[in-house]
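What follows is a single structure, written as C-alpha cells, with notes after it.
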Amino acid sequence: MIPPLSVDRSSAVESLMADANWHRWRRLLWITGSHEECLLAAEQITQLFDGRIVWISDHAPPGKDQIAAHHASDLLGREISCLVFDAHQRFNPDALAAASGSVKAGGLALLLTPDAVSWPDQLDLDKARIAVHPVTADRVTNRFTRRFVRQLGLDSTVVRWSARGEWSYSIQTVAGTPALGVAANSVTPDQQKAIDAITNVVIGHRRRPALLLSDRGRGKSAALGIAAAHLISSRQTRIRVTAPRKSACKTLFKHALQTLRATGNRDGESDKNLKFIAPDKVIGQRVDCDLLIVDEAAGLPLNHLRRLLKQYPRIAFASTVHGYEGSGRGFALRFNEILDAQTPGWSKVVLSEPIRYAANDPLEKTIFQSLMLNASADAPACPEEFLVDEIEFKKINRDDLYRDEMLLRSVFGLLVMAHYRTRPLDLRQLLDGPNVRVWVACWQHRVIATALVCREGDIDQDLAVKIFNGERRPRGHLLAQTLVGHLGITDAATTEGDRIMRIVVHPNWRGRGIGSRLVSEMEAGARRDRLDWFGVSFGASRQLLYFWGAVGLVPIYVGSRREPTSGAHSVMMAAALSEAGQTLVQNASRLFGEKFVYWLAEPLRELEPAIVAELFQLLNQFHHQPADNAPSRPPEQQTDTIAMNEIKENPRPALDQEWRAFAVHKRAYEEALPSLVYGFNSLLAGQSEYPQLSDQQMTILIMKLLQKRSWKTVATATGLSGKEQVMQAMRDAAALLTTIDGKRLTDADSTTRIPGVSVPE
492 MIPPLSVDRS
502 SAVESLMADA
512 NWHRWRRLLW
522 ITGSHEECLL
532 AAEQITQLFD
542 GRIVWISDHA
552 PPGKDQIAAH
562 HASDLLGREI
572 SCLVFDAHQR
582 FNPDALAAAS
592 GSVKAGGLAL
602 LLTPDAVSWP
612 DQLDLDKARI
622 AVHPVTADRV
632 TNRFTRRFVR
642 QLGLDSTVVR
652 WSARGEWSYS
662 IQTVAGTPAL
672 GVAANSVTPD
682 QQKAIDAITN
692 VVIGHRRRPA
702 LLLSDRGRGK
712 SAALGIAAAH
722 LISSRQTRIR
732 VTAPRKSACK
742 TLFKHALQTL
752 RATGNRDGES
762 DKNLKFIAPD
772 KVIGQRVDCD
782 LLIVDEAAGL
792 PLNHLRRLLK
802 QYPRIAFAST
812 VHGYEGSGRG
822 FALRFNEILD
832 AQTPGWSKVV
842 LSEPIRYAAN
852 DPLEKTIFQS
862 LMLNASADAP
872 ACPEEFLVDE
882 IEFKKINRDD
892 LYRDEMLLRS
902 VFGLLVMAHY
912 RTRPLDLRQL
922 LDGPNVRVWV
932 ACWQHRVIAT
942 ALVCREGDID
952 QDLAVKIFNG
962 ERRPRGHLLA
972 QTLVGHLGIT
982 DAATTEGDRI
992 MRIVVHPNWR
1002 GRGIGSRLVS
1012 EMEAGARRDR
1022 LDWFGVSFGA
1032 SRQLLYFWGA
1042 VGLVPIYVGS
1052 RREPTSGAHS
1062 VMMAAALSEA
1072 GQTLVQNASR
1082 LFGEKFVYWL
1092 AEPLRELEPA
1102 IVAELFQLLN
1112 QFHHQPADNA
1122 PSRPPEQQTD
1132 TIAMNEIKEN
1142 PRPALDQEWR
1152 AFAVHKRAYE
1162 EALPSLVYGF
1172 NSLLAGQSEY
1182 PQLSDQQMTI
1192 LIMKLLQKRS
1202 WKTVATATGL
1212 SGKEQVMQAM
1222 RDAAALLTTI
1232 DGKRLTDADS
1242 TTRIPGVSVP
1252 E
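In terms of my numbering, the sequence shown is numbered consecutively and its last residue is 1252.
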C-alpha cells in the first residue's frame, strides 16, 4: 500500500494540476533524491491522475504501464496524462524528448534524478551509446548532463521537488476565463490553410506539390486526414498514404474516418479510397492513385522523395521540423532545393499554432531549450569583399563550449541546419564524445563554419586480427575498421588518424573557399599531432566527391548499402600524413580500385553512373601510373574470337578490331561484350586517352557494361524508347572511342575507309 502524499504536498500538486488545466499547459516536475525516494514520490503523485500514465524506467514498480527508453518514439502521436521519466541510472535524452511530446494539456512530466549537484557524476548507462573503444561508459565526460542541470535551474517554469522536503515552484495566476482548446469538428486557421493546399494539389495544375511543415502537436496529421476525407466525399479521390512507419499515420486515418462519418459517408468509402502503402511499394513501381500523401517525409531518404516527386504528378509531403524526437530543419532546407529544381510551382504551409495545448507551453519550452531542439544558425551576412586573414580557424576546447551557451548554440545550430535529422544524442556527442574534436571558423568573433573530427585507430595488433576475422567489432573507429573488415588491411587499425564526421559552412559564406580552408587547417592540426592519415565518410554525391577530391583525398571504399537517412551509398576517402599513412592509402585505394569494378555488377549495381565515373576519375588522378590500377579481365569474360595473349601483348589494335565491328559492322552485342567490358574498364582505369563522352553515353556504358542493368532500366534512366535506341547509342559511343591508324572513326573523312566498312554519317 502506497502511503498518500502529505496534505500540503497533495494540495500543492492539485494546485499545479489546476493551473495547468486552466492554461491548457503542461509542466515539468523535477523530483530529486535517492532512487527509492523518487520512485515513491512518483507513485504518490500519479495517484492523483486519471487517464494513461506511462513510466520510462528500468525499475518501474510492478503493474505500471512501462515502456523501454529505446521505444519511447512509439508514443509519438498518442496522448498521455502523466509521464514518469526515471533518469537515475540511464538518462536517454532522445527518449525524454519523444515521450514528453505525448503529455496532453493539463498533464505533468515527472523527471526523477539524483541530487542536482551529484547527478552529473553518477554512472549513466546511456553514455555507452557514445563511448568509443577503449573508453567505456563510466569514463565518458559529463558536460551534457551538467548543462542540462544548469538549464533546468535557470528555468522558472520547472517545478523542483526534493524528496527530502524542499519544494520550489511558481504558478502564474492569470485573471479571466480559462484557455480554450479547438472545438470538436473545427480546425485552426493554420489547419485550414493546409487543407486548402492539399485540395489544390488535386484540383489544380499537375506538378504543383504541397509541403506541410510544423512543430510537433500542431495538428498536421489531423489536417491531412480531414483534407483526405473532404476529397473522398466530394470527388471520390483515390488517395494513397505512405510514411516511414504505418503507426505514424494513425492520427491521419482517425481524423479521415471521423470526418467521413460526420458527413454521412459509409466506412467503406475510406477503406476503398484511402489506403496506406509501404514506401518501398510506392517507390518501386507507380501506384495508381489520384493523390499520394507522404507523411513524416523527413524519415525517408532524400533520394526516395526525389523519385516520388518524379513518379507522382499530384503529391503532398508533410513533416515535423522541430519535434520532440529531434530537429528536421536540415531536411526542410535540402528538400526545398529539390522542390525548387524539379517543381518550381510548389507551395508550402507552416503550421505554428499548437493543438494539444496552448501557446507558450512551459513543458515544450523547457524540453526545447534544455535539449537544444530549437537551435538555429545565426551567422552574419558575408561582405562582398573581405580578407581571408580576417577569418579565424581554430580548434575549441569543449569545456569552453560547455561554459559559453551562445557559442554552443552557434555551433550546434549550424550542425542542425546541415544534417538531415538531428537528435538530442548528437548534442551529447558534441559535448562528451570521447574521440570528438570541434573546429570553427569565425569572422568578427561569430561562427560561420564548424566541423567535428573523430580520432580513430591506434588499435593493438591482436584486436586488429580479431576485427579482420569478424570476432570483434569495437565501438567507433569507422574508417579503420572498414579498411580491416572489407579490404583486409589489418595495419589500418594500428595506424592513427582523424576522420571528419561533419563539416558545414553557413549558406551566407558558401562559395568563398571557407570549407576548403577549414579542411586544410584541420589537416595541418592532424600533422602536428603526428597522425598517419586524414579521412572522411559521407553520403555519395557528385558535388561532395568533387569537393573532397579537390582538397586532396582519394576514394578508398564505397558502402554496399544505402544510408537510411540520406539514401546514398557512403564513400570513404583519405589522404596520407606519414610514411605509414602513405602505404595505407596507396594500398587501400589500389585494392578498392580492383574490387570496385566487380562490386558494380552486384552490391553496387544501382550506384548512380555519374558517381561511378567521378570515383574512377579520382582514382586515376591519384595514381600516376594508370597501369598499376587497371582492372584485369576475369576469366568468364574471355573470348575465343580475340586471344587473351593478343590483348595483353598489344591490347589497342585487338580491342579496336572488336569495337569497330560492334560500332560499324553491327556485330552482335553478346559477341562483342567481353571486349567492350575490358576496353571500357581500361578507359575508366586511365590506360588510354579518349574524347569526352556525353553524360548520356557514359551513363549507358556504365549501367550496361559494368552494372549489368536491363535494357529497359537503361532506356528509362536515359530517356530513350527502348533496347534499339540504347544499342544505337552504345554503337555511337564505341565509334567515338575506336581508332583507325591513329584516327578515331568519327574523325575519319569520306576517303579514309576500310574495305567493306561504312562510316555512319
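Beta carbons: idealized from backbone N, C-alpha and C, even for Gly.
Small disclaimer: the values here were computed from a predicted structure and weren't measured.
At the C-beta level, GLU1070 and SER1061 stay beyond 7 Å of one another. Following the DSSP letters along the chain, one finds ALA622 in no beta strand (DSSP E), marked with neither H nor E. Spatial neighbours of GLU844 in its own chain (CB-CB distance under 6 Å, excluding positions within 5 residues in sequence) are listed in chain order as THR679 and ASP681. Shown here, VAL732 sits in a strand according to DSSP, grouped into three states. Scanning its chain for C-beta atoms nearer than 8 Å, with the 5 sequence neighbours on each side dropped, one finds around GLY821 the residues VAL907, MET908, ALA909, HIS910, TYR911, ARG912 and THR913, in chain order. When C-beta atoms of the stretch 684-697 are compared with those of the stretch 786-800, fewer than three pairs fall below 8 Å, so the two segments do not count as touching.
The beta carbon of LYS684 lies closer than 7 Å to those of VAL840 in the same chain, with the five residues before and after it left out. Put simply, the backbone Cα of ALA719 is about 27 Å away from that of GLU828. Contact between ASP982 and PHE1025 does not hold, since their C-beta atoms are separated by about 17 Å, which reaches or exceeds 8 Å.
Counting only residues of its own chain and dropping the five nearest sequence neighbours on each side, ALA1059 has a CB closer than 7 Å to the CB of ASN794, GLY1030, ALA1031, SER1032 and ARG1053.
Taking C-alpha positions only, GLU787 is separated from GLY904 by approximately 22 Å. Around GLN727, the same chain offers ASN764 as residues with beta carbons nearer than 7 Å, after the five sequence neighbours per side are excluded.
Taking the CA atoms as reference points, GLU883 sits about 15 Å from CYS873. Rounded to the nearest angstrom, the gap between the Cα atoms of GLU875 and PRO835 is 29 Å. Counting C-beta pairs closer than 8 Å gives three or more between the stretch 950-970 and the stretch 615-631, which meets the contact rule. Taking all protein chains shown into account, PHE877 has fewer than 16 neighbouring C-beta atoms within 10 Å of its C-beta and is therefore exposed. Under the rule that a run must span 4 or more residues, the alpha helix (DSSP H) segments found entirely inside the stretch 840-926 read 853-861, 889-894, 896-909 and 915-923.
Cα atoms of LEU1192 and PHE1171: separation of roughly 8 Å, rounded to the nearest angstrom. Unbroken alpha helix (DSSP H) stretches of 4 residues or longer found wholly inside the stretch 561-599: 584-591, given in chain order. For ALA1017, the enclosing alpha helix (DSSP H) has its first and last residue at 1005-1019.
At least 7 Å separates the beta-carbon of LEU1091 from that of LEU1184.
In the structure shown, the three-state DSSP call for THR742 is helix. Residue pairing for MET1064: DSSP places it in a beta bridge opposite VAL1027 and PRO1046. For HIS721, the number of other beta carbons within 10 angstroms of its own is at least 16, and it is reported as buried. A Cβ-Cβ distance of about 14 Å is found for the pair THR857 and ARG707, leaving them out of contact under the 8 Å criterion. When THR1056, ARG1200, LEU974 and ALA1104 are compared, the shortest CA-CA separation from MET1064 is found for LEU974. Contact annotation, GLY948 with PHE959: C-beta distance approximately 14 Å; criterion of less than 8 Å not satisfied. For PHE540, the secondary structure class from DSSP, reduced to helix, strand or coil, is coil.
If you look at ASP687, you'll find it in the alpha helix (DSSP H) that goes 680-694. TRP1202: not part of any beta strand (DSSP E); member of the alpha helix (DSSP H) spanning 1202-1209, first to last residue.
Within the model, the alpha-carbon separation for HIS561 versus LEU1110 is close to 42 Å. Contact between VAL902 and VAL938 holds: CB atoms are separated by about 6 Å, below the 8 Å threshold. Note: ALA807 is bridge-paired with ALA701 and ILE784 in the DSSP secondary-structure output. Note that the C-beta distance between VAL575 and ALA607 is not below 7 Å. Within the stretch 1049-1109, the complete alpha helix (DSSP H) segments of 4 residues or longer fall at 1070-1090, listed in chain order.
Counting along the chain, ALA940 sits inside the beta strand (DSSP E) bounded by residues 937-948.
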